[in-house]
Amino acid sequence: MKNFLFLLLAILCQITLHAEDGYRLWLRYDKVDAPHLTALRIEAAPVAQKELTTALEGLLGKPLPLLLNTLTEGTLLVGTPARLTTVAALHLEKDLAPLGEEGFLIRSLTISGKHVTLVTANTDNGLLYGIFHFLRLIQTQQSISDLNISSAPSLPYRILDHWDNLNRTVERGYAGFSIFNWFTLPGYLDQRYTDYARANASIGINGTVLNNVNASPLILTSEYLEKAAALAGVFRPYGIRVYLSVNFASPITIGGLRTADPLDPAVQDWWKKKTDEVYKYIPDFGGFLVKANSEGQPGPQNYGRTHADGANMLADALAPHKGIVMWRAFVYSESSEDRAKQAYNEFKPLDGLFRKNVWVQVKNGPIDFQPREPYHPLFGAMPRTPLMLEFQLTQEYLGFSTHLAYLAPLFRECLDAGPPVSSAITGMAGVANIGNDIDWCGHPFGQANWYAFGRLAWDQHLSSGQIADEWIRQTFSNNPAFVDTVKRIMLASREAIVDYMTPLGLHHIMGYGHHYGPAPWYNKAPRADWNPVYFHRADSAGIGFDRTATGSNALEQYPPDVRALWENADNCPDRWLLWWHHVAWDHRMHTGRTLWEELCHKYYTGVDSVRWMEKAWNAVKNDIDQQRARQISMLLSIQEHEAAWWRDACLLYFQTFSRQPLPAGAELPAHTLDYYEKLNFNNAPGTLR
Ligand code: BDP
């Protein structure tokens, strides 16, 4: 009997330890050492009420008694002044006014001699954000005895861009298929849609673009609008607006017109009517996202018109409904001009020519979401145009979903790049890393990038460390030793990737098409600026892209103080060196090493960092459930293997130019260069349309 009970206990333990599959994200609401709360008095929208009561029941281990009229010592009081007279009687108008439509207030106060905690806001949306913030305090075990928090978002537009196709494949998606099941919509509303909305609302994301920027025109047919409207219905109570990516040639493909020329009255009329129809389906529709004249997508230039002509036509159709156009500046064409210069050259002259409801959407860097890029020179260069800053959460260039890469430091690096970036933007867009994998992002740490994006868009002053701290505590555990180690892993991870993939300012040297793994030797793409050799320019003299006045002079697109930091190879910080300069192999670096030695040092350091990450993880992983612990260990060992692959393939290839040895005593490459060059990846994920 004793043995049997022991066995049963062991099995039960296993079950609970195995039960974590990552689906609950950072909203796990398991019991914590919670502060003393005695009762709840709440008047809120149904979704907010449900979230708070369910969460508190989990966190406290039992439901809080609900009060209808009274207040007792230790009550949590939740409501807007409009919903609760007790809150209205506090006359918080002055404190609430600056918080606008989305901000909230959390305060410890005494009402009729009773100590209570108040969560309030001007609107139901604000109240929902306040509730999530309060829950975060409890989940992360902050004291709630003396609170005085007012919070309002730094940016009004905080949007996820899904590169999801209507057939559920996801462009550059590494976490399965799209969560949006267009086949079963609108009749079937998957619980996942609600959980997606909850997760977004919990970090302040207030918009979602449902479909790929390489957009199927079908999205604007009534069949799909009805489906999109069903999703909008699920998201609306969570303060999330739906936006759609549109194909510029839609008037031809689904409208039966002969042209999509934005200056043609019939085309303008088509877009007006189509937009009116969209608003019939989705009255609070957010607007259109457009990729035009970029990588083969149609656009106004097909008709000799400018990006402003195209964007303004759509803006006019949206304006009566208060919708916006997010017009992407990710454009480059095959030309002798350095690809890094092209977006600036096309867009800067258009500053001031866009309608008031056009936001130009600019990627964080001038090439394409590389592990490290300087900030895009359009930030600060278009003072009369609102700009959206676009980051990529899906790790197209950062190891797909098998590498642990915490991207808050990358986001911060861009936002902190002088005054241009943070002061030039009106919103942030994150290319989503979400799919139908049970844990949403494929890698448990991928969730941290979704989380960090939302938190930073809400509060631009948060540090990478603070965000990691919150996320770890909610996602895994409040154990201080665990939090400390995992935070160190996360904060080191992005730099590790830069080191083992593209150190010292190298960029775009990944495999062609699928972008998986290293291929610095690749030179067979149909366009020069899709070839890694175009970007690294290695030869017997040295390596790097001269973008100074002696080269492409992309540097001239930046303000003088920024230029001064980068224009001289002797002063240029090492991390940017090969982005801006073609540098001799024996160039003396700031560390005292030659360029070749430094390159080797960086590649080896990158791999060593991953080994350290693995070791550090294995030392603390038993603090959490076995399922996620094992999953992460396995992924880290893939990462370690792939980091060494990057290091060896790149160094062997660059060595054919430097003709210098690897550092004495260094671990030797596992294979020959020829072996790496011949590797083939037919089924790399993320490339199907
Ligand atoms: C590139 C991706 C491509 C996207 C493009 C974009 O490889 O799949 O369509 O960005 O942003 O990085 O439009």
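Just so you know, the sequence shown maps onto residues 877 to 1565 in this note's numbering. Cβ coordinates follow ideal geometry from the N, Cα and C atoms, glycine included. Values in this document were obtained by computation on a predicted structure and should not be read as measured data.
- State yes or no: is the C-beta of W1493 within less than 8 Å of the C-beta of I1514? The sequence position of residue 1493 within the sequence shown is 617, counting from 1. The sequence position of residue 1514 within the sequence shown is 638, counting from 1. Against a cut-off of 8 Å, the Cβ pair of I1514 and W1493 comes out as no contact.
- Query: What are the uninterrupted segments assigned as alpha helix (DSSP H) that are 4 or more residues long and contained completely in the segment 1200 to 1246, given in chain order?
  - Reply: 1215 to 1223
- Opposite E919 in the DSSP bridges: which residues? Within the sequence shown, the letter at position 43 stands for residue 919. Paired residue(s): G955.
- Query: Got a sec? Which residues, its chain only, sit under 6 Å from C1526 by beta carbon, not counting five neighbours each side?
  - Reply: The count along the sequence shown starts at 1 and reaches residue 1526 at position 650. If we look at C1526 and ignore the five residues flanking it on each side, its Cβ neighbours are P1394, P1396.
- Taking the Cβ atom as the reference point for each residue, do N1309 and Q1336 lie within a distance shorter than 8 Å? Mapped onto the sequence shown, residue 1309 falls at position 433. Mapped onto the sequence shown, residue 1336 falls at position 460. In this structure, Q1336 does not lie closer than 8 Å to N1309 by Cβ.
- Query: When the Cα atoms are used, what is the spatial distance from G1083 to A1414?
  - Reply: As a first step, residue 1083 must be located in the sequence shown, where it is residue number 207. As a first step, residue 1414 must be located in the sequence shown, where it is residue number 538. Each residue's alpha carbon lies about 43 Å from the other.
- Taking the alpha-carbon positions, what's the Y1155 to F1124 distance? Position 279 of the sequence shown, counted from the first residue, corresponds to residue 1155. Position 248 of the sequence shown, counted from the first residue, corresponds to residue 1124. Rounded to the nearest angstrom, the two C-alpha atoms are 19 Å apart.
- Task: Pair every Cβ in the segment 1460 to 1468 with every Cβ in the segment 1494 to 1507, then say whether three or more of these pairs are closer than 8 Å.
- Result: no
- Message: Taking the alpha helix (DSSP H) that S1485 belongs to, which residues open and close that run?
- Response: On the sequence shown, position 609 is the one that residue 1485 refers to. Looking at the DSSP string, the run of the alpha helix (DSSP H) that includes S1485 is 1471 to 1496.
- Message: Suppose the cutoff is 6 Å on Cβ atoms and the five residues either side in sequence are ignored; what does the same chain contact list for L1274 look like?
- Response: What you label residue 1274 is simply residue 398 of the sequence shown in a count that begins at 1. If we look at L1274 and ignore the five residues flanking it on each side, its Cβ neighbours are P1247, A1281, I1373.
- Is it right to say P1127 is buried, meaning 16 or more other beta carbons lie within 10 angstroms of its own, or is it exposed? The residue you call residue 1127 lines up with position 251 of the sequence shown. Under this definition P1127 is a buried residue.
- For my contact list, W1455 and S1534 are in at a C-beta cut-off of 8 Å; report their separation, rounded to the angstrom. Taking the sequence shown and counting its residues from 1, the one referred to as residue 1455 is at position 579. Taking the sequence shown and counting its residues from 1, the one referred to as residue 1534 is at position 658. Actually they do not touch by this definition, with Cβ atoms about 19 Å apart.
- Message: Which same chain residues end up closer than 8 Å to D1244 when comparing Cβ atoms and leaving out the 5 residues on each side of it in sequence?
- Response: For the purposes of this step, residue 1244 is identified with residue 368 of the sequence shown, where counting begins at 1. F1206, Y1273, H1384, listed in sequence order.
- Message: For T1045 and F1053, what's the separation of their Cα atoms in angstroms?
- Response: By one-based count along the sequence shown, residue 1045 stands at place 169. By one-based count along the sequence shown, residue 1053 stands at place 177. When rounded, the distance between both Cα atoms is 5 Å.
- Task: With M1304 as the anchor, note down where its beta strand (DSSP E) starts and where it stops.
- Result: For the purposes of this step, residue 1304 is taken as the residue at position 428 of the sequence shown. Taken as a continuous stretch (DSSP letters only), the beta strand (DSSP E) holding M1304 covers 1301 to 1307.
- Query: Whole beta strand (DSSP E) runs in the segment 1014 to 1077 with 3 or more residues, listed along the chain?
  - Reply: 1024 to 1027, 1033 to 1037
- Query: Taking C-alpha atoms, which residue in F1255, P1545, Q1342, E977 lies nearest to C1476?
  - Reply: Reading the sequence shown from its first residue, position 600 is the one you call residue 1476. For the residues F1255, P1545, Q1342, E977, the minimum Cα distance to C1476 belongs to P1545.
- Buried versus exposed, by CB contacts within 10 Å (16 or more), I1081: Indexing the sequence shown from 1 puts residue 1081 at position 205. So I1081 ends up on the buried side.
- What first and last residue would you give for the beta strand (DSSP E) that runs through G1163? As a working mapping, residue 1163 is identified with position 287 in the sequence shown. That run of the beta strand (DSSP E) goes 1163 to 1166.
- List in chain order: all unbroken beta strand (DSSP E) runs of 3+ residues lying wholly within the segment 1078 to 1116. 1083 to 1085
- Item | Inter-residue spacing [alpha-carbon to alpha-carbon] between D1037 and R1331 | For this step, residue 1037 is matched to residue 161 along the sequence shown. For this step, residue 1331 is matched to residue 455 along the sequence shown. Their Cα atoms are separated by approximately 16 Å.
- Query: By Cβ distance, which residues of its chain are closer than 6 Å to M1377, with the 5 residues on each side in sequence left out?
  - Reply: In the sequence shown, the residue the question calls residue 1377 occupies position 501. Excluding positions up to five away in sequence, the list reads P1247, W1522.
- Task: Give the DSSP-derived three-state secondary structure of L985 in the structure shown.
- Result: As a first step, residue 985 is located in the sequence shown; it is residue number 109 there, counting from the start. L985: strand per DSSP, three-state reduction.
- Assuming A1105 and Y1157 make a contact with CB atoms under 8 Å, what is their CB distance in whole Å? Start at 1 with the first residue of the sequence shown, and residue 1105 comes out as number 229. Start at 1 with the first residue of the sequence shown, and residue 1157 comes out as number 281. Right, their Cβ atoms sit about 4 Å apart.
- Task: Using the Cα positions of L1101 and P1093, report the straight-line distance between them to the nearest angstrom.
- Result: Residue mapping note: residue 1101 aligns to position 225 of the sequence shown, counting from 1. Residue mapping note: residue 1093 aligns to position 217 of the sequence shown, counting from 1. Taking the straight line from one Cα to the other gives about 11 Å.
- Query: For E1272, does the three-state DSSP call read helix, strand or coil?
  - Reply: The residue labelled residue 1272 in the question sits at position 396 within the sequence shown. Here E1272 sits in coil by DSSP.
- Item | CB of S1078 within 8 Å of CB of L903, strictly | Taking the first residue of the sequence shown as 1, we reach residue 1078 at position 202. Taking the first residue of the sequence shown as 1, we reach residue 903 at position 27. Yes, Cβ-Cβ distance for S1078 and L903 is below 8 Å.
- Query: Between G989 and I1035, what straight-line distance do the alpha-carbon atoms span, to the nearest angstrom?
  - Reply: Position 113 of the sequence shown, counting from 1, holds the residue named residue 989. Position 159 of the sequence shown, counting from 1, holds the residue named residue 1035. When rounded, the distance between both Cα atoms is 43 Å.
- Item | Beta-carbon proximity of M1264 to A1305, cut-off 8 Å | Residue 1264 sits at position 388 when you count from the first residue of the sequence shown. Residue 1305 sits at position 429 when you count from the first residue of the sequence shown. Going by C-beta atoms, M1264 is nearer than 8 Å to A1305.
- Message: Below 7 Å, is the gap between the Cβ of S1170 and the nearest heavy atom of the ligand BDP?
- Response: Here residue 1170 refers to the residue found at position 294 of the sequence shown. It does: the Cβ of S1170 is within 7 Å (strictly closer) of some heavy atom of the ligand BDP.
- Contact between the segment 1322 to 1329 and the segment 1056 to 1074: three or more CB pairs below 8 Å? No: fewer than three Cβ pairs fall under 8 Å.
- Cβ shell of R1423 (< 6 Å), same chain only, five flanking positions each side left out: Residue 1423 sits at position 547 when you count from the first residue of the sequence shown. Same-chain partners within the cutoff: A1430, L1431, W1456.
- Message: For a test of your reading of the model: does the CB of K990 fall under 7 Å from any non-hydrogen atom of the ligand BDP? Yes or no.
- Response: The residue you call residue 990 lines up with position 114 of the sequence shown. No, Cβ of K990 sits at least 7 Å from all heavy atoms of the ligand BDP.
- Query: Near N1407, what residues of its chain come up, given a Cβ to Cβ distance below 8 Å and the 5 sequence neighbours on each side ignored?
  - Reply: One-based indexing of the sequence shown puts residue 1407 at position 531. The answer, listed in chain order, is Y1388, Y1398, N1399, K1400, A1401.
- For K1198, which three-state DSSP category applies? One-based indexing of the sequence shown puts residue 1198 at position 322. In this structure, K1198 counts as coil in the three-state DSSP scheme.
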